[in-house]
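Asker:
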Amino acid sequence: MKKIHIFIGLIIFLLTALPAYTLDFLQFDGGLLFIGNTEVESAPSPLLPTLGLTLPFPVLKHPFINLESGFLLFGTYYQFEDERATPVELEHRDFMVLGALVDTRIGIDLKISKAFKMGFYAGLALLIRAPIPLFEDIKSNLGPTLGYFYGKLRFLYPETQITAQMPILENFDIKISLRAYYPLFHLWDGEGLPFMDQFMIGGLIGVVYHMH
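Residue 0 is where the sequence shown starts when you use numbering that gives the first Met the number 0, and the numbers rise one by one after that.
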């Protein structure tokens with residue numbers, strides 16, 4: 000239960016610790032997140048529902064160069080076996096893992112027409128994962144699971160994003176986003192895993208509310 004409180008506290012901190020400034024927009028995101036898993040003794044690569052929020056960042060004000068920050072929330076089941084934490088089906092679960100991708104991106108929005116624009120972004124994401132043991136005999140694996148999630152910088156993901164945006168109502172746009180998160184830590188983690196292992200890609204539909 001303590002881990003759930005810490006996880007929720009991180010999200011509340013993200014929202015409440017933002018500087019007080021006038022927001023240009025709020026973007027509410029929902030979609031699916033694919034997490035690559037090449038371990039043959041565990042589940043196929045999961046495809047998870049996600050919910051999130053994107054906010055403009057106050058540091059940069061430019062007509063078409065944007066800086067934004069946000070998060071995506073998700074959850075799935077994991078096991079810890081052979082010194083690795085991997086996604087598993089419900090019947091083989093050891094942990095319920097609550098996840099948050101917290102990121103900051105910079106990019107450009109290009110007007111293709113009066114009512115349509117495309118964006119190209121790059122940034123850095125932090126993958127925050129809170130494993131919750133589901134059985135008493137699994138609690139001894141909590142430390143090693145956390146060690147795997149946060150060791151060798153496995154929580155750090157370079158990110159790219161492509162977007163398409165168009166108005167649907169006054170002050171409201173719809174925004175389709177494709178985000179990719181790259182497991183660069185494979186270069187030094189020594190596991191010899193394929194690039195697709197822990198590679199993530201998200202397809203999102205966002206509703207953008209313009210404040211002004």
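C-beta: ideal position from N, C-alpha, C; glycine also.
Which residue wins for smallest C-alpha separation from Leu50, given the options Met210, Leu203, Tyr208, Ile111?
Answerer: Measuring from the Cα of Leu50, the nearest candidate turns out to be Leu203.
Asker: Using a Cβ-Cβ cut-off of 6 Å (strictly less than) and excluding sequence neighbours within five positions of Val207, which residues of its own chain qualify?
Answerer: Result list for Val207: Phe24, Gln26, Asp172, Lys174, in chain order.
Asker: Using alpha carbons as the reference points, say which of Asp28, Ser44, Gly191, Ser139 lies closest to Phe198.
Answerer: Nearest C-alpha to Phe198: Ser44.
Asker: Determine the direct distance from the alpha carbon of Gly98 to that of Arg128, and round the result to whole angstroms.
Answerer: Those two C-alpha atoms are separated by around 4 Å.
Asker: Assign Val39 to buried or exposed, taking buried as 16 or more other Cβ atoms, counted over all protein chains shown, within 10 Å of its Cβ.
Answerer: Classification of Val39: exposed, given that the 10 Å Cβ count is below 16.
Asker: Just how far apart, CA to CA, sit Asn36 and Tyr180?
Answerer: Whole-angstrom Cα-Cα distance: 14 Å.
Asker: Are there 16 or more other CB atoms within 10 angstroms of the CB of His185, so buried, or fewer, so exposed?
Answerer: His185 should be labelled buried.
Asker: Rounding to the nearest angstrom, what Cα-Cα distance links Ile111 and Asp196 in this structure?
Answerer: Using only the alpha carbons, I get a separation of about 36 Å.
Asker: From Thr103 to His209, what distance separates their C-alpha atoms?
Answerer: Roughly 20 Å between the two C-alpha positions.
Asker: If the criterion is Cβ atoms closer than 8 Å, does the pair Thr85 and Leu47 meet it?
Answerer: Not a contact, by the Cβ cut-off of 8 Å.
Asker: Give me the Cβ distance between Leu71 and Phe56, rounded to the nearest whole Å; I'm assuming they're in contact under 8 Å.
Answerer: About 17 Å separates the two Cβ atoms, so there is no contact after all.
Asker: Under three-state DSSP, which class holds Phe194?
Answerer: Looking at Phe194 - three-state DSSP - the assignment turns out to be coil, as it is neither helix nor strand.
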